Each structure stands twice: as C-alpha cells, then as structure tokens.
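Here the structure is laid out as structure tokens; the discussion comes afterwards.
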Amino acid sequence: MERSQKCLICTPLIAKTVNEMLFQLQLAKESGADVAELRVDHITDFNAESDLPLLLKDRPLPVIVTPRAKWECKADSNEGYEGNEEARQDLLRKAYELGADYIDVELKVAGEFVKKLKDSSIKSSTKIIVSNHNWELTPSQEEIDATIEQMWATGGDIVKYVTTAKDITDVARVFHFLSEAKGRPTIGLAMGPTGMISRLLSPKFGGYLTFGALSKGQESAPGQPTVQDLIEVYRVKSMDRETVVCGVVGKPVYHSKGPILHNRGFAELNLNYVYVPFLVDDFAHFMSVYSESDFRGFSVTIPYKEDALRLCGDKVEFVAKGIGAVNTVIREKDGELKGYNTDCEGALSAIEDGLRHSGLATNSESPLKDKLFVVIGAGGAGKALAYGAKERHARVAVANRNYERAKTLAESVGAEAIELEKLADFRPETGMILANSTSIGMEPEVTKSPISKDALSAYSLVFDAVYTPKETQLLKDAIEIGAVDVSGEEMFYRQAFAQFKYFTGVPAPERAMRDALSSPPVAHKGSQENTGPKMSAL
Ligand code: NAP
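By the numbering used here, the letter at position 453 of the sequence shown is numbered 469, and the numbering carries on one by one without gaps.
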C-alpha cells in the first residue's frame, strides 16, 4: 500500500453467536467503519466449516478473521480461542481459502503458517496480517524495529504491532515506527489509557488502520474511541501527515469537552487541524518528546498550569505572568513555547456581559469598577478571577478553605482575605458580585454549593466557574433569589474561543462551536484514566 492511501477505520466485533455477529456487521457498515474485525474466538462452539461461510457470504464490508490465540491474550483475561492450535490454524486457512479480506496470525506461529499457505495450491486474494502484542510495555525503538523486521520476514502482507503505553511519551515510539514504515502497510497502536492518542493520530503517521468501538459501552480496550468519535469528532478520514495537532494536556483529561468544541471549529473553517486529549504524567517531559513543530497548541488544565508557566520561562504574556498560571501554550515557528492565560478574559468578559445584558451597567467602562467582587477559591481559576477583577478596578475579597492561600492571593492582587466559614456573614453592602472558583457543586456532587442561599441576598450577580453541570446548585439558588446568573460554560466557551485564535491565527467560529456542545456527536466515556489496561488488544 502506498502511504498516500487513507488510514482505514476498523471496528472489532465481539459476539457470542454467529447471528449476533452478523447483526453487528450490519451495524458496523452503518457506523461508517471501513473494516470489521471478526473476533471469532469469542463465539461459543465456533465451527469453521459451517460458520465461516455464513459470516463471509454477502458481507457488507471487508473483514479481518481473527481467532486470537489464548497465548497471545493478556495473561489474566478469559479471552482467546478455546480449541487446539491445529484447529485454530485450520480455521485461518479456511478463511484464506474462502477469500476473507484479511486474516490475522500471530508472529509466534506466522513464519511456518504463512510459508505453508503460500507453498500450497490455494489461490486467494486474502491479505495476511502478522500481529504481535506486548501487554507489559512499549519496548525500546531498537527492540521494536527488530521485531518488526522479524514480522516482515514471515512473508505476511501487513504488520500489526501493538504495545502497552505506561506513559504518553511511549506512544512517540509507535508513531516513529509508523512514520518509518517506508510504504509497507503497518498498523501500530499503544494500549492503555495513555495510549489513546495512538488511536486518534494513527492516520497522521501513516498507520494502515486504526480501531474504534462500534458504539459507546462496547469499547474493547480502555480509552478506545468509538467509530463515530473517530469520524465525526476527530475527522480521521481526512487526517494526513500535514495535520496540525492541538490538544488539552491534563490529568484527568478524558472528561474534557475541548475536543468536541475545537474540532467542530476546525471542521467549520476547513482547517487541517485536530484537537486531542493528552493524558500526561510529566508536563515538561511530554513537551520535550512531542517537540515537532506540528504539535502546535496546548490547552493546559489541572494540574499543569504552573508547570506551563515555568516551562515558558520569559515567554509568558503579561496577564498570565500576573496571574501566575498559563492555560494556553503555543509552539511558535522558531520552536519556542509561549504561554498565555485565556481563563481570565473568558470569565471576566462573561461576568461583565452578564451585568450589561441585565441592565445593571452601561457599556461605557467596565461595569465591575468599584463593585465589591468576592472570589471563593484561590487556585488557578481563583487567581485569574481575582487578578482580572482587580485589573477592572473592582474591590476584591478572596475566601478560601485554606485561609493561608486566600491571604497570599489577596496580598498579591491587593485584596481582602476572608475565612471561608465567615463568608455567610460577610455582607458589608448589597449589590456585590460573587464568583465561585472551587470545584464544589461539580458532578457528581451536584447538590452542593459553596455558600447558603440565604447568604446570596447581598449579591446582584453570581458566577460559577464549574460547568458540569451547566446549572449548578449555586446558580439555581442565585436564580431563585433574583440575582443575575453567569455559568461556567460561558467562561469555558470564551476561553476556548481565545485559544482557538492562538492555535490557528483566525477567529473562532463561535456559533458552530457553541452548537457543537449543545448537540455533541458523541461524548467520551469518562473516568477511564484510572482503570488499568485490560481486555482485547485492539
Ligand atoms: P485548583 O487550582 O485545583 O483550585 C481548587 C480550588 O478549589 C482551591 O481554592 C481549593 O481550596 C478549592 N476547593 C476544592 N475542593 C474544595 C472543597 N471541598 N471545599 C472548599 N474548597 C475546595 O483548580 P482550578 O483550576 O482553580 O479549578 C477550580 C474549578 O474551576 C474547577 O471546578 C474547574 O473545573 C473550574 N474551572 C472552570 C473553567 C471554565 O472554563 N469554566 C476554567 C478553569 C477552571 P484549597 O486551596 O483549600 O485546597
């Protein structure tokens, strides 16, 4: 295969009966997948003579026949072909004879198997995939290269090398061997939560195919995207070597709505960009390994905003430096990293517009001028809010669970510090602004609020940085007492629009990006970061 051929999307089908698998094949076709992998080792009492013709007859899309050997599966899994090795290889031979589009045979037995097949009188157009799975780690580049040469030496048509990523930087070695495949059709993937980008970016590095689950809940490996994610969110069918990569760096990160938002923006403007989640353990190491110029823009989230500030050194823009946190890093043409903070402008402009639209202010100057602005929280978002409010000449007060942190932040911006317990009685005047920047009220603890409803009566506007859910308990209470409410979702949009401009140099298509979140194609299954690698090597 020439490298110019587009990367195929393959969906693994795991069913207990032939009928169920036939049904899934139809669904696979409808999902937009290019290929389906028939994991026939999952079918109970599979009979190659009678069942293979049923599966291959009138198939709606090309298929890979895989009776995965038990000895190739993860040691503690129940997976793998139940019969003996001879019957398993007979099954593969039969699939070859019947003209399956692909068969998958493991490196350990491939040499002899392929030789016998090619020496036999059977004529077939079936392509042979020679596969190898490492359930422990991603070996060194030298080891990988040596194994891949062994795989080619078997005489197979396609090589599939699957590793386990212990760290996101391991995936760089997978990208490396895909890039160096020199036109030989190669599949490379890294399993495990930190291996996710190997699935999303495979087309950029010339991968022959990548895997996506048939639907949400049917992932066969942690962090596996669905076919619909791959097509609609990540647009892998149009991805190529030139695609510019941006993404959100954090831990955890798979709950982020950034991919849905930014990718819709790129699609709207027909930009050859993609935005992916980077689940990272060491920010500086990650940035040093993915140092190519086309890894261009990074949204930085918990817990790396201060690491990002340090890494950008003296190339940090004024506001980010003042706040002490960088939430956007851009790799410039000369390779230098430049840091920005878009949280501040995102939150403050949303609050100002909230006041203006509700008639509580005129347009002439910042409606925050001289207002008493109370920030709850002294973390990254709290710093951005306190700094931004002070810049707009508000009088600022900071309340935080850890009072020492409240004092430090208050001192740095010229504000008053309040003990969190005393916040309910803090009512020096009415018409104050309240901004929550703690995670209190965030899913799943949606009934919690950082302040009682009674205490809200002194505020004319309440902002909550939490954006999952969109309407938090705090905002519900604010609406009930008649205060103006401004949601964290509005801040999220605005900080993202500003990032989009830094990434691409052009203004964000705001309408399309807002629509993306109100009708997302597919959301990732959350909290996969904490589950260890398990199940199929797909
Ligand atoms: P952070 O730096 O970790 O700071 C967390 C803050 O929350 C600290 O002040 C912490 O107080 C406080 N806190 C956490 N749990 C608490 C609890 N149970 N009771 C009282 N205080 C508690 O995090 P961050 O980056 O500032 O983010 C904070 C929130 O803002 C998150 O919910 C995040 O999703 C949201 N956010 C939203 C946007 C947006 O675009 N809408 C952007 C950034 C952040 P201590 O100092 O006492 O630990």
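The beta-carbon is built from N, C-alpha and C at its ideal position, and this holds for glycine as well. Since the structure is predicted, the reported quantities are computational estimates derived from the model, not experimental observations.
Next item on the list: Could you tell me the distance, in whole angstroms, from the CA atom of G172 to the CA atom of R200?
Entry: Locating residue 172 in the sequence shown gives position 156, counting from the first residue. Locating residue 200 in the sequence shown gives position 184, counting from the first residue. Their backbone Cα atoms lie some 11 Å apart in a straight line.
Next item on the list: Please specify which runs of the alpha helix (DSSP H), each continuous and at least 4 residues long, are wholly inside the segment 384 to 452, giving them in chain order.
Entry: 396 to 407, 419 to 429
Item checked: Unbroken alpha helix (DSSP H) run spanning V305, endpoints -> Sequence index remark: in the sequence shown, residue 305 carries index 289 (1-based). It spans 299 to 305 - the alpha helix (DSSP H) in which V305 sits, taken as one unbroken run.
Check: Ends of the alpha helix (DSSP H) at S214?
Finding: The count along the sequence shown starts at 1 and reaches residue 214 at position 198. S214 -> alpha helix (DSSP H) spans 212 to 217.
Check: How would you label Q176, buried or exposed, when you count the other beta carbons within 10 angstroms and need 16 or more for buried?
Finding: By one-based count along the sequence shown, residue 176 stands at place 160. The question names Gln, yet the displayed sequence has Lys at residue 176. Buried.
Notebook entry, point to check: Can you name the residues that DSSP bridges to L225?
Noted result: Numbered from its first residue, the sequence shown carries residue 225 at position 209. Partner(s): L24.
Next item on the list: Give a yes or no on whether the C-beta atoms belonging to D480 and L491 are separated by under 8 Å.
Entry: Counting from 1 along the sequence shown, the entry for residue 480 is found at position 464. Counting from 1 along the sequence shown, the entry for residue 491 is found at position 475. Yes, they are a contact pair.
Next item on the list: Flag V265 as yes when its Cβ comes closer than 7 Å to any non-hydrogen atom of the ligand NAP, and as no otherwise.
Entry: For the purposes of this step, residue 265 is identified with residue 249 of the sequence shown, where counting begins at 1. No, the beta carbon of V265 sits no closer than 7 Å to any heavy atom of the ligand NAP.
Item checked: Neighbourhood of T60 by C-beta, 6 Å cutoff - its chain only, sequence neighbours within 5 removed -> One-based indexing of the sequence shown puts residue 60 at position 44. Same-chain partners within the cutoff: K32.
Note to self: What would DSSP say about S534, mapped onto helix, strand or coil?
What the structure shows: Within the sequence shown, numbered from 1, the residue matching residue 534 stands at position 518. S534 falls in the helix class under three-state DSSP.
Note to self: Nearer than 7 Å: is that true of the beta carbon of Q511 relative to any heavy atom of the ligand NAP?
What the structure shows: Residue mapping note: residue 511 aligns to position 495 of the sequence shown, counting from 1. Yes; taking the cut-off as 7 Å, the Cβ of Q511 has a heavy atom of the ligand NAP nearer than that.
Item checked: Sub-8 Å separation of Y291 and P268 beta-carbons -> For the purposes of this step, residue 291 is taken as the residue at position 275 of the sequence shown. For the purposes of this step, residue 268 is taken as the residue at position 252 of the sequence shown. Contact: no.
Checklist line | Expected contact under 8 Å - CB spacing of E368 and S382 to nearest Å | finding: The sequence position of residue 368 within the sequence shown is 352, counting from 1. The sequence position of residue 382 within the sequence shown is 366, counting from 1. 6 Å between Cβ atoms; contact.
Next item on the list: Report the rounded CA-to-CA distance for I30 versus L54, giving the unit in angstroms.
Entry: Sequence index remark: in the sequence shown, residue 30 carries index 14 (1-based). Sequence index remark: in the sequence shown, residue 54 carries index 38 (1-based). So the two alpha carbons sit approximately 7 Å from each other.
Check: For the candidate residues L38, E506, C23, Q511, whose alpha-carbon lies nearest to that of S534?
Finding: Here residue 534 is taken as the residue at index 518 of the sequence shown, counted from 1. Considering only alpha carbons, the answer is E506.
Check: Helix, strand or coil: which one does DSSP assign to H149?
Finding: Along the sequence shown, one-based indexing puts residue 149 at 133. Looking at H149 - three-state DSSP - the assignment turns out to be strand.
Notebook entry, point to check: For the alpha helix (DSSP H) that contains L490, what are its first and last residues?
Noted result: As a first step, residue 490 is located in the sequence shown; it is residue number 474 there, counting from the start. Element bounds for L490: 489 to 496.
Checklist line | Limits of the beta strand (DSSP E) - the one that I555 falls within | finding: An answer regarding residue 555 cannot be provided, because it is not within the stretch 17 to 554 covered by the chain.
Notebook entry, point to check: How long is the line joining the alpha carbons of G375 and D501, rounded to whole angstroms?
Noted result: Locating residue 375 in the sequence shown gives position 359, where the first residue counts as 1. Locating residue 501 in the sequence shown gives position 485, where the first residue counts as 1. Between G375 and D501, the C-alpha separation is close to 13 Å.
Next item on the list: Could you please give me the residues that DSSP links to G204 through a beta bridge?
Entry: Your numbering for residue 204 matches position 188 in the sequence shown. Answer is Y177.
Next item on the list: In the DSSP assignment, find the unbroken beta strand (DSSP E) run with C262 in it and report its ends.
Entry: Position 246 of the sequence shown, counting from 1, holds the residue named residue 262. Residues 260 to 266.
Margin query: At the level of alpha carbons, what is the spacing between A394 and Q515?
Written below: Along the sequence shown, read from residue 1 onward, the residue named residue 394 stands at position 378. Along the sequence shown, read from residue 1 onward, the residue named residue 515 stands at position 499. Cα-Cα distance, rounded: 23 Å.
Next item on the list: Give every residue of the same chain whose Cβ lies closer than 7 Å to the Cβ of T454, excluding the five residues on either side of it in the sequence, and list them in chain order.
Entry: Within the sequence shown, residue 454 is the residue found at index 438, counting from 1. If you ignore the 5 residues before and after T454, its C-beta comes within less than 7 Å of the C-beta of I392, G393, P466, all in its own chain and listed in chain order.
Check: So does L418 have its beta carbon nearer than 7 Å to some heavy atom of the ligand NAP?
Finding: As a working mapping, residue 418 is identified with position 402 in the sequence shown. Reading the sequence as shown, one finds Asn at residue 418 and not Leu. Yes - the ligand NAP has a heavy atom lying nearer than 7 Å to the Cβ of N418.
Notebook entry, point to check: So what does DSSP say about I456, is it helix, strand or coil?
Noted result: As a working note, residue 456 is residue 440 in the sequence shown. In the structure shown, I456 sits in coil (DSSP, three-state: anything other than H, G, I, E or B).
Next item on the list: Examine the ligand NAP and report whether any of its heavy atoms sits within less than 7 Å of the Cβ of S455.
Entry: Your numbering for residue 455 matches position 439 in the sequence shown. Between the ligand NAP and the CB of S455, the shortest heavy atom gap is smaller than 7 Å.
Note to self: Looking at the secondary structure, which residues open and close the alpha helix (DSSP H) in which E322 lies?
What the structure shows: Position 306 of the sequence shown, counted from the start, is the residue given in the question as residue 322. Here the alpha helix (DSSP H) through E322 covers 321 to 328.
Check: Counting only runs that start and end within the segment 117 to 172, where is the alpha helix (DSSP H) found for 4 or more residues in a row?
Finding: 123 to 135, 157 to 169
Note to self: Given 7 Å as the limit, tell me if I318 has its C-beta closer than that to any heavy atom belonging to the ligand NAP.
What the structure shows: Taking the sequence shown and counting its residues from 1, the one referred to as residue 318 is at position 302. Yes, the Cβ of I318 comes within 7 Å of a heavy atom of the ligand NAP.
Check: If you run the structure through DSSP and keep just helix, strand and coil, what is D67?
Finding: For this step, residue 67 is matched to residue 51 along the sequence shown. In the structure shown, D67 sits in a helix (DSSP, three-state: H, G or I).
Next item on the list: For P275, write down the residues that DSSP places opposite it in a beta bridge.
Entry: In the sequence shown, residue 275 corresponds to position 259, counting from 1. The partner list for P275 (beta bridge, DSSP) is empty, contrary to what the question assumes.
Item checked: A206: CB within 7 Å of a non-hydrogen atom of the ligand PLP -> Summarising the ligand content, the structure contains the ligand NAP and does not contain the ligand PLP.
Check: How about the segment 191 to 208 and the segment 318 to 327: do they share at least three Cβ pairs that are nearer than 8 Å?
Finding: no
Next item on the list: Taking 8 Å as the cut-off, decide whether the C-beta atoms of D50 and I80 are in contact.
Entry: Here residue 50 refers to the residue found at position 34 of the sequence shown. Here residue 80 refers to the residue found at position 64 of the sequence shown. Taking 8 Å as the Cβ cut-off, D50 and I80 do not qualify as a contacting pair.
Notebook entry, point to check: Under the DSSP definition of a beta bridge, which residues are partnered with R347?
Noted result: Within the sequence shown, numbered from 1, the residue matching residue 347 stands at position 331. According to DSSP, which records beta bridges pairwise, R347 is partnered with L353.
Margin query: Any heavy atom of the ligand NAP inside 7 Å of the beta-carbon of A394?
Written below: In the sequence shown, the residue the question calls residue 394 occupies position 378. Relative to the non-hydrogen atoms of the ligand NAP, the Cβ of A394 comes within a distance shorter than 7 Å of at least one.
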